[in-house]
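Down below is the structure, laid out as structure tokens.
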Amino acid sequence: MLLHLLSLLWVRYKNLKLMMRFLVYIIILIFLQGCGQKHQPLKITSMENKEAKNNPYYSRTDTTKLNISNDEWKKILAPDLYAIAREAATERAFTGKYNEFDEIGEYYCSVCGNHLFRSTSKFASSCGWPSFFEADKEGVYYKRDLAYGMDRVEVLCKRCDSHLGHVFDDGPKPTGLRYCMNSVSLEFVPNSEK
Ligand code: FE
Numbered sequence: 011m012l013l014h015l016l017s018l019l020w021v022r023y024k025n026l027k028l029m030m031r032f033l034v035y036i037i038i039l040i041f042l043q044g045c046g047q048k049h050q051p052l053k054i055t056s057m058e059n060k061e062a063k064n065n066p067y068y069s070r071t072d073t074t075k076l077n078i079s080n081d082e083w084k085k086i087l088a089p090d091l092y093a094i095a096r097e098a099a100t101e102r103a104f105t106g107k108y109n110e111f112d113e114i115g116e117y118y119c120s121v122c123g124n125h126l127f128r129s130t131s132k133f134a135s136s137c138g139w140p141s142f143f144e145a146d147k148e149g150v151y152y153k154r155d156l157a158y159g160m161d162r163v164e165v166l167c168k169r170c171d172s173h174l175g176h177v178f179d180d181g182p183k184p185t186g187l188r189y190c191m192n193s194v195s196l197e198f199v200p201n202s203e204k
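The opening residue of the sequence shown carries number 11 in this note's numbering; numbering runs sequentially from there.
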């Protein structure tokens with residue numbers, strides 16, 4: 011196609027200057043098309059990141075109680091977080107990012123930013139989920155959970171009512187409790203970033 015156009019122009023004008031100008035236009039066109047393709051994936055990535063952080067209710071300083079419908083949360087939260095936090099699903103054992111994790115800092119609710127645990131109360135448990143022997147009393151509340159034929163105590167976020175995990179009485183001293191949490195429900199912030 012391009013060769014055909016070039017030969018037509020050559021026959022018609024036999025003008026070297028015009029040919030050169032035509033070639034420059036073609037080169038610029040090809041260059042611009044190449045640039046567009048190259049930058050397209052970057053644009054998509056930045057949109058995805060913006061969407062993930064688009065949570066107007068998240069705050070690590072505002073402790074005002076939230077009363078947000080699940081329909082609204084579904085628009086804001088990532089699907090795995092929505093399933094665990096709002097539908098009490100459980101992440102697969104030994105897959106969570108905080109299961110084997112011992113950095114010093116604080117743990118906040120992934121949904122609303124409420125303070126939940128300190129790293130000083132985290133202990134190495136073999137259960138497959140991040141475990142703590144103590145929670146922030148201002149951060150969590152409890153509900154009896156009789157689902158799946160078990161009698162358990164569910165742990166929920168006091169600010170946004172999201173499901174976090176369960177608490178059992180087989181933990182270490184000084185409390186004897188084991189807060190068995192979903193990593194997805196937690197957001198760790200190292201002390202250096204506070
Ligand atoms: Fe929360």
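For glycine and all other residues, C-beta sits at the position ideal for the given N, C-alpha and C.
Spatial distance of residue i from residue j (CA atoms)
| i | j | result |
| --- | --- | --- |
| G138 | T105 | 8 Å |
| Y68 | N201 | 19 Å |
| A99 | L87 | 14 Å |
| D81 | A157 | 23 Å |
| T130 | A145 | 11 Å |
| K75 | K84 | 19 Å |
| V177 | E148 | 16 Å |
| P184 | F133 | 12 Å |
| M160 | R154 | 10 Å |
| G115 | E203 | 9 Å |
| Y118 | Y108 | 12 Å |
| E101 | I94 | 7 Å |
| E164 | F111 | 23 Å |
| E61 | N77 | Bear in mind that a pLDDT of 38 at E61, under 50, signals an unreliable position, so the model cannot answer this. |
| V150 | P182 | 20 Å |
Per-residue burial, residue i [other beta carbons within 10 Å of its own, 16 or more giving buried]
| i | result |
| --- | --- |
| Y152 | exposed |
| F198 | buried |
| L91 | buried |
| L196 | buried |
| R96 | buried |
| S120 | buried |
| S135 | buried |
| G186 | exposed |
| V194 | buried |
Ligand 1 site residues, beta-carbon cut 6 Å against heavy atoms | C119, V121, C122, N124, C167, R169, C170, S172
Is there contact between the segment 183-191 and the segment 132-150, where contact requires at least three CB pairs shorter than 8 Å?
-> yes
Quick check: the segment 113-124 against the segment 162-172, are there 3 or more CB pairs under 8 Å?
-> yes
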